[in-house]
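Student: Below you'll find the structure I mean.
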Amino acid sequence: MTTATLAPAATRRLLWQRGRVRDLAAVGSYVLAAFWVTYRIWLHPTWGLAANRADQAFFEWMLGHGALVATGQASPFVSGQMNAPLGINLMANTSVLGISIPLTPVTLLFGPHAAFNVFLTGGLILTAVCWYLVLSRYLLRRRLAAWIGAGFCAFAPGMISQANGHPNLVTQFLVPVLIWRTLELRRPRFVVNGVLLGLVVVWQAFINLEILFMTAVGLVIFLIVAAAVRWRETRATWRPFLAGGLVAVGVALAALWYPIAVLLHGPQSYSGLPLEVREYGADLAAYVGLSRESLLGNMDTARGLAQNAAEENSFFGWPLLALTLGVVVALRRSAAALGLFAVGLVFAYLSLGPVVRLHGARTAIPSMWASLHEVPVLSSAVPTRWALAVTPVVGLLLAMGVAAAQRLAQTITSPARARTFRAVAAAALLVALVPIAPTALPATKLTNTPGFVADGTWSRYTEGGRSIVFVPVPNSGVNDPIRWSAATLTRMPLAGGYFLAPVGPDRTASFTSEFRATNYFLRYVSASKKVPPLSAASRANARGDLAYWKAGAVVVPQRRDTELWKKALTALYGAPPERVGDVWLWDVSKLPA
């Protein structure tokens, strides 16, 4: 029996049931894919991401801080619990309050480490599901096309690369919502549509401003091109669109003016990213290459084409690029396809950075970014991440291509020719997508949290606003103390840390605070494995640094080089440490004058 032989009501019910099954199957496939990518950190609860332990520790700390904000125990935009005594500007350090506050129950019940796993895995799932819903219900209304496009948007090589420690960049579930609500501005009820868009903008701002900014730029380019191609249709809708847009801007500014003021002018605000990061550009060869996290990729295919494992944003592979160009040619009369193509070209060009390179060698191709990277807002953007913004462009074009192929197949009267056409289209998709299918993220066992931290002993040394100075002092390379502080929901204050803060007269950002005399001493000991001769002035500088940090205790956890640090600090402070639980410790209040 076919649907044609059923009564209209029964037909609608059957189609609805089939659609519901397909929706559930699509969501189930995204859940399986996300857990496949992250299964190692779920299978081993004490493990973390091997490629980027520093950023995982940082975001665990932010999740702990968000739990305190949600329970009214901390300021949302500035914290003094890292980088004592200056603290850090949370708005300038990706505070992810838009995720950490909703995840507060998970953080309080299971800890920031488990909350991080939920953040990362849930971000991938929600991103895929939201793209699927917007594509299948609004943009295309075809489930197969939506499934393929949404799956690519969430699990493309750049997204899996960023999953190595950057859950804020892979949690893009609001991007399709932003697109949907922006396009809805063309309709009447501009006040309601504008308010809804403004609220989505505010939420995305508290997840990641960089993704919000790139989405906004992409929408502007798309709308300009699409309006130029379809000017007659645009003239009929520009008034409600403009009115709704102004409402959205007003709602967003009303909620964000103070957080943005803190970001730009608050304590520990900075004028731009570190200079070396501003030069992170995508290699031209990367666009046709395969990332290390792709099914047919490895370290060799990615070597020299990206700055690190978490920034392989532009690895699409030549079969996918060829297929995408084919879709654009086939849909060249579509304003949406031309608009997306324009966005993709601009973003890909921007992603090349201030110097355009091919296999690491400088080329004579002029750079678009070279004239833009000193612009105040753009100076806080990482050039190569514009390639990450190419991912949804390719995903949308793929979905449009599949939808067009479905429509064309339905017009072919010969069953044999229709089957052949579908087989060729499926083969093209498989050739383009199988090589870049995601693999599981590498993971490694993390250092156990010392009992000194876990049992709360640390709190005896932080009364009166004192901080804990771990040695080695935490930074991007020494990140365990940051994770341990996160386990206390950031209640344990740290000297040092991993964050962005201003250094020097131009207030350019650095990934840690400015070095003091003790930092230079510790760096020398770490590099030489010996203790240098110390003068009275050196010891006086060390005591001055303890006063600057408002240190309550200097702590050496159990490590392979513990004996070296005990010897070095005994010489520096003129007193041996005491054993407190499972750490060695100098109580600053007991040090000789």
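For the sequence shown, my numbering assigns the number 1 to the initial residue and increments by one for each residue that follows.
Even glycine gets a Cβ: it sits at the ideal position worked out from N, Cα and C.
Note that the structure is a prediction, hence the values are computed from the model and not measured.
Report all residues from its chain with a CB closer than 7 Å to the CB of A4; omit the five preceding and five following residues, and keep chain order.
Tutor: Caution is warranted here: a pLDDT of 49 is assigned to A4, below 50, making its placement in the model unreliable, and no coordinate value can be reported.
Student: Buried or exposed, going by whether 16 or more other CB atoms sit within 10 Å of the CB of A318?
Tutor: Sequence check: residue 318 is Trp here, not Ala. So W318 ends up on the exposed side.
Student: On the DSSP letters alone, give me the boundaries of the beta strand (DSSP E) that A551 sits inside.
Tutor: Note, A551: beta strand (DSSP E), 551 to 557.
Student: DSSP three-state label for P502, please.
Tutor: In this structure, P502 counts as strand in the three-state DSSP scheme.
Student: How far does the alpha helix (DSSP H) with T420 in it reach, from first residue to last?
Tutor: Taken as a continuous stretch (DSSP letters only), the alpha helix (DSSP H) holding T420 covers 415 to 433.
Student: Look up A443 in the DSSP assignment and give the residues it is bridged to.
Tutor: DSSP, once it has assigned bridges, lists L49 as partnering A443.
Student: Taking the Cβ atom as the reference point for each residue, do V327 and G401 lie within a distance shorter than 9 Å?
Tutor: Yes, the Cβ-Cβ distance between V327 and G401 is below 9 Å.
Student: For S510, which beta-bridge partners are listed by DSSP?
Tutor: DSSP lists A501 as partners of S510.
Student: Along the chain, which unbroken stretches of the beta strand (DSSP E) at least 3 residues long are found entirely within the stretch 294 to 337?
Tutor: Fully enclosed beta strand (DSSP E) runs of 3 or longer: not present.
Student: Straight-line CA distance for A74 to Q81?
Tutor: Near 10 Å, if we compare the C-alpha coordinates of Q81 and A74.
Student: So the candidates are P592, E578, R560; which of them puts its Cα closest to the Cα of W586?
Tutor: Of P592, E578, R560, the residue nearest in Cα terms is E578.
Student: With a threshold of 16 other CB atoms inside 10 Å of the CB of N308, please say whether the residue is buried or exposed.
Tutor: N308 comes out exposed.
Student: Rounded to the nearest angstrom, what separates P105 and I99 at their Cα positions?
Tutor: Each residue's Cα considered, the two are about 12 Å apart.
Student: Mind checking whether C130 and V200 have CB atoms under 9 Å apart?
Tutor: No.
Student: Going by beta-carbon coordinates alone, are I101 and Y30 separated by less than 9 Å?
Tutor: Against a cut-off of 9 Å, the Cβ pair of Y30 and I101 comes out as no contact.
Student: Would you check if the stretch 456 to 476 and the stretch 553 to 560 touch, i.e. whether three or more CB-CB distances between them fall below 8 Å?
Tutor: The stretch 553 to 560 vs the stretch 456 to 476: in contact.
Student: By a C-beta neighbour count over all protein chains shown, 10 Å radius and 16 as the cutoff for buried, is Q56 buried or exposed?
Tutor: By the neighbour-count rule (16 or more Cβ atoms within 10 Å), Q56 is buried.
Student: Roughly how many angstroms lie between the CA atoms of R40 and A443, to the nearest whole one?
Tutor: When rounded, the distance between both Cα atoms is 6 Å.
Student: Rounded to whole angstroms, what is the Cα-Cα separation between S538 and E279?
Tutor: If you take the alpha carbons of S538 and E279, they lie about 38 Å apart.
Student: Secondary structure at L494, three-state DSSP: helix, strand or coil?
Tutor: Note: L494 maps to strand in three-state DSSP.
Student: For A57, decide whether its Cβ has a neighbour in chain C, counting only Cβ atoms nearer than 9 Å.
Tutor: In summary, chain C is missing from the structure at hand, where a single protein chain is found.
Student: Please state if the CB of A163 and the CB of L441 are separated by a distance shorter than 9 Å.
Tutor: Yes, the pair counts as a contact, with Cβ atoms nearer than the cut-off.
Student: Answer yes or no: do A403 and L140 have a C-beta to C-beta separation smaller than 9 Å?
Tutor: Their beta carbons are under 9 Å apart, which means A403 touches L140 by this criterion.
Student: Put A575 into one of helix, strand or coil per three-state DSSP.
Tutor: Coil.
Student: Got a sec, what are the start and stop residues for the beta strand (DSSP E) V251 sits in?
Tutor: It is not in any beta strand (DSSP E) - V251 instead sits in the alpha helix (DSSP H) that spans 238 to 265.
Student: Using the three-state DSSP reduction, which class does N479 fall into: helix, strand or coil?
Tutor: If DSSP states are grouped into helix, strand and coil, N479 belongs with coil.
Student: Check whether the stretch 283 to 303 touches the stretch 520 to 528, counting contact only when three or more Cβ pairs, one atom from each stretch, lie closer than 8 Å.
Tutor: The stretch 283 to 303 vs the stretch 520 to 528: no contact.
Student: Going straight from the alpha carbon of F499 to that of T107, what length do you get?
Tutor: One C-alpha to the other measures close to 21 Å.
Student: Give the range of the alpha helix (DSSP H) segment to which S100 is assigned.
Tutor: Where S100 is concerned, the enclosing alpha helix (DSSP H) stretches over 97 to 100.
Student: For W484, which option in P502, A527, N448 has the closest C-alpha, if you only look at C-alpha atoms?
Tutor: Per the Cα distances, N448.
Student: For G272 and A330, I'd like the C-alpha separation in whole angstroms.
Tutor: Rounded to whole angstroms, G272 to A330 spans 42 Å at the Cα level.
Student: Who are L585's beta bridge partners in DSSP?
Tutor: Answer is V555, E578, bridged to L585.
Student: I'd like to confirm the pairing. Which residues does DSSP put opposite A361 in its beta bridges?
Tutor: DSSP lists L358 as partners of A361.
Student: What is the C-beta distance between P383 and G353, in whole angstroms, given that I count them as a contact (C-beta under 8 Å)?
Tutor: That pair is a contact at about 4 Å.
Student: Taking 9 Å as the cut-off, decide whether the C-beta atoms of G194 and L246 are in contact.
Tutor: Result yes, Cβ atoms of G194 and L246 sit closer than 9 Å.
Student: Have a look at L156 and G456 and give me their C-alpha separation to the nearest angstrom.
Tutor: It should be noted that the sequence gives Ala, not Leu, for residue 156. Approximately 42 Å, taken between the alpha carbons.
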